[in-house]
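Sequence positions in the sequence shown follow UniProt numbering and run 1 to 77.
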Amino acid sequence: QVLGSLFYAYYIFVRLCIPQFHNSSQETFNLRGLVLCIFNSILPGVLILFLVFFAFLHCWLNAFAEMLRFADRMFYK
């Protein structure tokens, strides 16, 4: 799950974020173009943020908890 979510985050970044800023680098700088690039990157950025949180907090830390056999649960008994 970790590798799948990281691969999907990379795919979203390459297909949706990089072309926005690559096209803007060929034009002259103006505020309107910058704002459009930022607004067009908000949704992919949020998706990448959720995927990275899922990959780290849910998958990665859960894998370490399984390897350690949930030692913190036995502390409270």
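Positions of the beta carbon are idealized from the N, C-alpha and C atoms, including for glycine. Since the model is a prediction, treat every value here as computed from it, not as a measurement.
Quick one, are the C-beta atoms of Leu-51 and Tyr-8 less than 7 Å apart?
Less than 7 Å separates the beta-carbon of Leu-51 from that of Tyr-8.
Short Cβ contact (7 Å threshold) for Gln-20 with Cys-37
In contact: Gln-20 and Cys-37 (Cβ atoms closer than 7 Å).
Runs of 4 residues minimum, wholly inside the region 26–76: which ones carry the alpha helix (DSSP H) assignment?
Uninterrupted alpha helix (DSSP H) stretches at least 4 residues long and entirely within the region 26–76 occur at 31–40, 42–53, 61–67 and 71–75, given in chain order.
Spatial neighbours of Ile-12 within its chain, please: CB distance less than 6 Å, with the 5 preceding and 5 following residues excluded, ordered by chain position.
Counting only residues of its own chain and dropping the five nearest sequence neighbours on each side, Ile-12 has a CB closer than 6 Å to the CB of Pro-44, Leu-47 and Ile-48.
Closer than 6 Å by C-beta to Ser-41: which residues in its own chain qualify, once you throw out the five before and the five after it? Chain order, please.
Cβ neighbours of Ser-41 beyond the five flanking positions: Cys-17 and Gln-20.
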